[in-house]
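Read the structure below first, then the notes.
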Ligand code: AMP
């Protein structure tokens, strides 16, 4: 059996996280290495490797995740905009193989990303 990712361990309660939102389908917690004053990760509880790992049966979950981004932003009091990032695969810069949406806010973000 493949080794659990760090995010699966968080879902299973084996590793602590600073949780900001949870429902039956997903979990949001502060990133341990924040790249902005607010940097939260939103993950599905279902084990999906990344956006490329979605299949047609995940359409409801994919929509739920995007709708939840805004709920989390409201909960965190973000009023001046935010960025949502999903790093996908090697060239996307993904380091944890469990789908996660970065929610970044609290400073002026620049474009393009590195
Ligand atoms: P990515 O590089 O897109 O795969 O993002 C993985 C993110 O997970 C990075 O921003 C890490 O700082 C973050 N991270 C890794 N381990 C933990 C953890 N135990 N709790 C919270 N965030 C984590």
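Numbering (the working numbering), first residue to last: 22 to 135.
The C-beta atom is built at its ideal place from N, Cα and C for all residues, glycine as well.
All values derive from a computational prediction rather than experimental measurement.
>> Do residue 42 and residue 117 count as a contact pair if the criterion is CB distance below 9 Å?
In response: Not a contact, by the Cβ cut-off of 9 Å.
> Which partner residues does residue 47 have in the DSSP bridge list?
Replying inline: 65
> Near residue 58, which residues of its chain fall below 8 Å by C-beta distance, leaving aside the five closest residues on each side in sequence?
Replying inline: 126, 127 and 128
> DSSP state of residue 99, grouped into three classes?
Replying inline: Residue 99 falls in the coil class under three-state DSSP.
> Can you give the Cα-Cα distance for residue 55 and residue 61, rounded to whole angstroms?
Replying inline: 8 Å
> When DSSP builds the beta bridges, which residues end up paired with residue 94?
Replying inline: Residue 94 pairs with nothing; no bridge assigned.
>> Once the 5 residues before and after residue 27 are set aside, which same chain residues still bring their CB inside 7 Å of it?
In response: 36 and 117
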